[in-house]
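Asker:
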Amino acid sequence: MITTRILTGESVGAVLDDLARLRIAVFRDWPYLYEGDHAYEREYLKVYQSPGSVVVAAYDDDDRMVGASTGAPMEDHAGDFATAFANRPERLEEIFYCAESVLLPAYRGHGLGHAFFDGREAQARALGRRYSAFCSVQRPANHPLRPADYRPLDDFWRKRGYEPLSGVVAEFDWKDVDAPVSTKKPLQFWMKTL
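Residue numbers for the sequence shown, in numbering that gives the first Met the number 0: 0 to 193.
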């Protein structure tokens, strides 16, 4: 049996190590190909202890975290995303950022993607946000590590009411599993009105 829990504020601190492990494990796969670092993850994830942030965590029947989804007021990430949204009419203070969703492969296909979005969108509404947004990494279709059976999540996101924002792209550095150094990757923003 899989259950979900909504974590906010200080309760997030108790699960930072679990979140870090999950991010490193799941983001190692396509399309992120992230060569994770536990110390970096622990530091990065501290932002989700801020007021207004949320973690929707999924646990299996032995109380092991098998998935999680994070979200925060967009202004908590202003340093990373202000440039991407500079020419948009929406203010960062109107947007809730649905950050990462990570789920171990054995637990996919059980509706947790919807539970993750439901929990984050509920937090956004509770904060009075008008918009919910997230970003997805963009990789070339002919990338040598792209699995032959890969199916993008675009249809799922559109069914949830999200659409890509033309020209709203952020760039992040990370080290790919097959690369000697970190490189910039484009991340396309998607958004919906709540």
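C-beta: ideal position from N, C-alpha, C; glycine also.
Please read these numbers as outputs of a predicted model, since none were measured by experiment.
Examine the Cβ distances between the stretch 120–137 and the stretch 67–81 and report whether three or more of them are shorter than 8 angstroms.
Answerer: Yes, since at least three Cβ pairs between the stretch 120–137 and the stretch 67–81 fall closer than 8 angstroms, the two stretches touch.
Asker: In angstroms with no decimal places, state the Cα-to-Cα distance between Thr7 and Val55.
Answerer: Between Thr7 and Val55, the C-alpha separation is close to 9 angstroms.
Asker: My parser needs the beta strand (DSSP E) runs of 3 or more residues fully inside the stretch 165–193; what are they?
Answerer: For the stretch 165–193, whole beta strand (DSSP E) runs of length 3 or above, ordered along the chain, are 181–192.
Asker: So, at 7 angstroms on beta carbons, what are the nonlocal neighbours of Ile5 in its own chain, with the 5 sequence-adjacent residues on each side left out?
Answerer: These residues qualify, in order along the chain: Val53, Val55 and Gly118.
Asker: With a threshold of 8 angstroms on Cβ separation, who are the neighbours of Val180 within its own chain once the five nearest residues in sequence on each side are excluded?
Answerer: Closer than 8 angstroms at the Cβ level, and outside the excluded window around Val180, lie Lys174.
Asker: If you scan the stretch 88–174 from start to end, which runs of the beta strand (DSSP E) of 3 or more residues do you find wholly inside it?
Answerer: Counting only runs of 3 or more, we get 94–102, 130–136 and 162–174.
Asker: Check each candidate in Val46, Trp29, Gly66 and Glu93 and name the one with the smallest Cα separation from Leu152.
Answerer: The shortest C-alpha separation from Leu152 is found at Trp29.
Asker: Go ahead and label Tyr149 buried or exposed: buried means 16 or more other beta carbons lie within 10 angstroms of its beta carbon, across all protein chains shown.
Answerer: Exposed.
Asker: Starting from Ile23, trace the beta strand (DSSP E) both ways and give me its first and last residue.
Answerer: Looking at the DSSP string, Ile23 is not in any beta strand (DSSP E); the run it does join, the alpha helix (DSSP H), is Leu15 to Val25.
Asker: Round the Cβ separation of Arg41 and Gly35 to the nearest angstrom and send it over; I've been treating them as touching at under 8 angstroms.
Answerer: Not really, about 11 angstroms apart at Cβ, beyond 8 angstroms.
Asker: Taking the CB atoms as reference points, tell me whether Phe115 and Ser49 lie closer together than 8 angstroms.
Answerer: No, these two residues do not count as a Cβ contact at 8 angstroms.
Asker: With 16 other CB atoms within 10 Å as the buried threshold, where does Met190 fall?
Answerer: The residue is buried, with at least 16 neighbouring Cβ atoms inside 10 Å.
Asker: Judging by CA-CA distance, which residue of Ile23, Thr192 and Gln137 is the nearest neighbour of Gly166?
Answerer: Selected option, being the one with the closest Cα: Gln137.
Asker: Which residue spans inside the stretch 20–81 form an unbroken beta strand (DSSP E) run of at least 3?
Answerer: Runs of the beta strand (DSSP E) inside the stretch 20–81: 53–58 and 64–72.
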